[in-house]
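K.L.:
Chains A and B are the protein sequences, given in the same order.
Mapping to this note's numbering: the first sequence position 85 is 638, numbers consecutive.
Mapping to this note's numbering: the second sequence position 79 is 89, numbers consecutive.
Sharing a structure below in structure tokens format, with a few things to ask.
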Amino acid sequence: MSQLPETHGDPRQIAKWAERYARSRTLPFLVQWVFIVVLVVVIGALAYVTLLAYKTHRQTLLWICMAAVAAVTVVLTWFSSSRWGGELIWRISQRLYGKEGYAEYSGGERAEAIRRAWWIRLVALGLAVYHLGLALLVGLHYLSVEYLQPWSALYMAPFLMLMVVTQRLGFWAWVWPGLYALHAVAILMGAPHFRGQWFALDVLVPIFGYGLISIIVGHFYSRYALRRLKALARAGIKDDRGDSGVPTE
Amino acid sequence: MNDLDRTIHEPARLRIVTILSGVDVADFSFLLETLGLTKGNLSSHMDRLEKAGYVEVIKSFKGKIPHTQFRLTKAGQDALAEYWAGLDQIRALRDKTGEQ
């Protein structure tokens with residue numbers, strides 16, 4: 554054996570950067586984010602009009618708005634869980650990535666088994682129940698609306714951290730729970746926040762805002778990881794002749 | 011000392027299996043773009059790796075669009091690990107004889 558591969562650094566680094574790149578592909582999350590934000594804004598706007606209709610005693614408008622809110626909520630739920638929704642997000646994401654292609658890292662069989670575990674679904678259901686409970690307690694004046702976001706962060710931040718670990722996401726995903734928890738601390742320390750009829754934005758803006766920041770951080774990191782990966786992967790490939798590059802004795 | 015696995019030792023194929031060892035699956039376009047090879051060249055390498063049992067081809071549909079992905083098999087993972095171990099041995103031997 555006379556010839557060892559040209560290293561240009563350790564070629565084993567290729568695997569490391571391929572993994573980092575695959576774990577930071579966040580455009581599918583961005584596409585999903587856009588869909589969900591649009592639907593949440595539509596639900597919010599419809600809920601606002603519903604409230605106005607209720608206050609001004611316009612029964613027909615009230616029923617139409619309530620039916621529309623219910624319909625959009627069903628669409629949101631269906632879109633988030635159906636195979637069609639997943640495939641649509643995949644197709645749009647692939648179009649955005651263009652000729653860059655597709656690579657996936659999901660953490661192997663163990664991570665896949667954790668993702669399918671019943672307790673993960675229970676924890677996710679708990680998130681919804683917890684927030685509905687919070688809304689109820691705020692509505693009944695048992696909890697101060699001032700601290701809605703910090704109360705939300707008590708469940709949301711650990712939940713998001715659990716998702717980062719179980720989904721084997723890249724470092725970028727930690728930005729989301731980290732900022733959400735810091736936001737809660739800032740409110741407890743007296744930072745300005747949404748009040749009055751806009752109180753729900755105290756939770757919605759940080760959830761979607763920090764989610765978007767996290768996604769953007771991931772995307773930029775994936776660009777860096779891909780550049781490093783290409784530099785390593787292309788270095789040392791000397792020939793373009795298919796099968797002819799095997800070094801001889 | 012065993013010879014290095016020639017299927018993997020070829021520079022382009024070594025990089026293909028190393029990339030695949032870092033991800034679960036990757037498609038043809040990703041490997042093409044990352045490695046900067048020609049389509050024919052990459053096809054020939056993938057064919058060789060598949061015949062060696064190192065790479066599994068996964069064909070599926072996303073909606074109506076066909077999608078071909080590649081995954082490193084257990085045999086491929088073992089062969090790559092063995093390759094790196096063999097290479098380290100050769101390098102260590104070379105360094106040792108170089109010192110003498």
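Beta carbons are placed, not taken as given, at the ideal position from N, Cα and C, and that holds for glycine.
Every value quoted in this text rests on a predicted model; they were computed, and no experiment measured them.
1) For THR609(A) and LEU599(A), what's the separation of their Cα atoms in angstroms?
2) DSSP puts ILE75(B) in a beta bridge; with which residues?
3) According to the neighbour-count rule (16 or more other Cβ atoms, all chains shown, within 10 Å of its Cβ), is ARG819(A) buried or exposed?
4) Does DSSP put ARG16(B) in a helix, in a strand, or in coil?
5) Buried or exposed: which applies to GLY50(B), given that a residue is buried once 16 or more other Cβ atoms fall within 10 Å of its Cβ?
6) Apart from the five residues on each side of it in sequence, which residues of its chain come closer than 7 angstroms, Cβ to Cβ, to VAL691(A)?
7) For LEU42(B) versus ALA22(B), is the C-beta distance shorter than 9 angstroms?
8) For ASP37(B), go through chain A and note every residue whose CB falls closer than 8 angstroms to its CB, in chain order.
9) Could you list which residues in chain A have their beta carbon closer than 7 angstroms to that of ASP34(B), in chain order?
10) If you follow the beta strand (DSSP E) that VAL590(A) is part of, which residue opens it and which one closes it?
11) Which residues of chain A have a Cβ atom closer than 9 angstroms to the Cβ of SER70(B), listed in chain order?
12) Since TRP643(A) meets chain B, which of its residues come closer than 7 angstroms, beta carbon to beta carbon?
13) List the endpoints of the continuous beta strand (DSSP E) containing VAL35(B).
14) Against chain B, does PRO800(A) count as a neighbour if the rule is that its beta carbon must be under 9 angstroms from one of theirs?
15) Identify the contact partners of GLU43(B) in chain A, using a Cβ-Cβ distance below 7 angstroms as the criterion.
16) Can you tell me whether ALA571(A) is helix, strand or coil according to DSSP?
17) Please report the distance separating the alpha-carbon of GLU572(A) from that of ALA778(A).
18) What ranges does the beta strand (DSSP E) occupy inside the stretch 679-746 of chain A, keeping only unbroken runs of at least 3 residues that lie completely in it?
19) Quick one: using the 10 Å Cβ neighbour count with 16 as the cut-off for buried, is THR801(A) buried or exposed?
20) So for LEU82(B), helix, strand or coil by DSSP?
21) Taking just the CA atoms, how far does ASP57(B) sit from VAL584(A)?
22) Is there a C-beta anywhere in chain A that falls below 9 angstroms from the one on ALA95(B)?
23) Would you report the Cα separation of ALA670(A) and ILE75(B), rounded to the nearest angstrom?
24) If contact means a Cβ-Cβ distance below 8 angstroms, which residues of the stretch 47-61 of chain B contact chain A?
25) Assess, as a yes-or-no matter, whether the stretch 720-733 of chain A is touched by the stretch 656-676 of chain A under the definition of 3 or more beta carbon pairs within less than 8 angstroms.
26) Helix, strand or coil, according to DSSP, for ALA666(A) in the structure here?
27) Could you check what DSSP says for GLU656(A) in three-state terms: helix, strand or coil?
28) Counting only beta-carbon separations shorter than 9 angstroms, does ARG565(A) have a partner in chain B?
29) Compute the Euclidean distance between the alpha carbons of THR78(B) and SER70(B), then round it to the nearest angstrom.
30) With contact counted as at least three CB pairs below 8 angstroms, one residue from each stretch, are the stretch 770-789 of chain A and the stretch 742-754 of chain A in contact?
31) So does the stretch 576-594 of chain A actually touch the stretch 649-656 of chain A, counting three or more Cβ pairs closer than 8 angstroms?
32) Return no unless some Cβ of chain B is closer than 9 angstroms to the Cβ of ARG669(A).
P.N.:
To lay it out plainly:
1) Roughly 15 angstroms separates the two Cα atoms.
2) DSSP output for ILE75(B) lists LYS72(B) as bridge partner(s).
3) Since the displayed chain A opens at 554 and closes at 802, residue 819(A) lies outside it and no answer follows.
4) Correct three-state label for ARG16(B): helix.
5) Around the Cβ of GLY50(B), a 10 Å sphere holds fewer than 16 other Cβ atoms; the residue is exposed.
6) The beta carbon of VAL691(A) sits closer than 7 angstroms to the beta carbons of VAL698, LEU701 from its chain, once the five residues preceding and following it are set aside; these are given in chain order.
7) No, the pair does not count as a contact, with Cβ atoms beyond the cut-off.
8) Residues of chain A passing the Cβ test: GLY654, TYR655, ALA656.
9) Chain A residues near ASP34(B): GLU657, TYR658, SER659.
10) First-last for VAL590(A): 580-608, but that is the alpha helix (DSSP H), not the beta strand (DSSP E).
11) Neighbours of SER70(B) on chain A: none; closest Cβ ~11 angstroms, over 9 angstroms.
12) Near TRP643(A) (Cβ distances below 7 angstroms), the residues of chain B are LYS72.
13) Counting along the chain, the unbroken beta strand (DSSP E) around VAL35(B) starts and ends at 35-37.
14) Summary for PRO800(A): the model assigns pLDDT 39, below 50, so the residue's position carries little reliability; its value from the coordinates is reported in the next sentence. Judged by the 9 angstroms Cβ criterion, PRO800(A) is in contact with chain B.
15) In chain order: LYS652, GLU653, GLY654.
16) Three-state DSSP puts ALA571(A) in a helix.
17) Here the alpha carbons of ALA778(A) and GLU572(A) stand approximately 9 angstroms from one another.
18) Taking only runs of at least 3 residues, no beta strand (DSSP E) segment lies wholly in the stretch 679-746 of chain A.
19) In this predicted model, THR801(A) has a pLDDT of only 33, less than 50, meaning its place in the structure is not dependable enough to derive any value.
20) If DSSP states are grouped into helix, strand and coil, LEU82(B) belongs with the strands.
21) Rounded to whole angstroms, the separation of the alpha carbons of ASP57(B) and VAL584(A) is 34 angstroms.
22) Taking Cβ atoms only, chain A never reaches closer than 9 angstroms to ALA95(B), which makes this a no.
23) ALA670(A) and ILE75(B) have their C-alpha atoms spaced approximately 31 angstroms apart.
24) Per Cβ criterion, the list reads LEU47, THR48, GLY50, ASN51, SER54, HIS55, ARG58.
25) The stretch 656-676 of chain A, when compared against the stretch 720-733 of chain A, does touch it at the 8 angstroms Cβ threshold.
26) Three-state DSSP puts ALA666(A) in a helix.
27) The question names Glu, but residue 656(A) in the sequence shown is Ala. DSSP places ALA656(A) in strand when its eight states are reduced to three.
28) Flagged as an interface residue toward chain B: ARG565(A), by a C-beta distance shorter than 9 angstroms.
29) Rounded to the nearest angstrom, the two C-alpha atoms are 6 angstroms apart.
30) Between the stretch 770-789 of chain A and the stretch 742-754 of chain A, the count of Cβ pairs shorter than 8 angstroms is below three; the stretches do not touch.
31) Taking a cut-off of 8 angstroms for Cβ pairs, the stretch 576-594 of chain A and the stretch 649-656 of chain A touch, as three or more such pairs fall below it.
32) Residue contact with chain B for ARG669(A): absent (no Cβ-Cβ distance below 9 angstroms to any residue of chain B).
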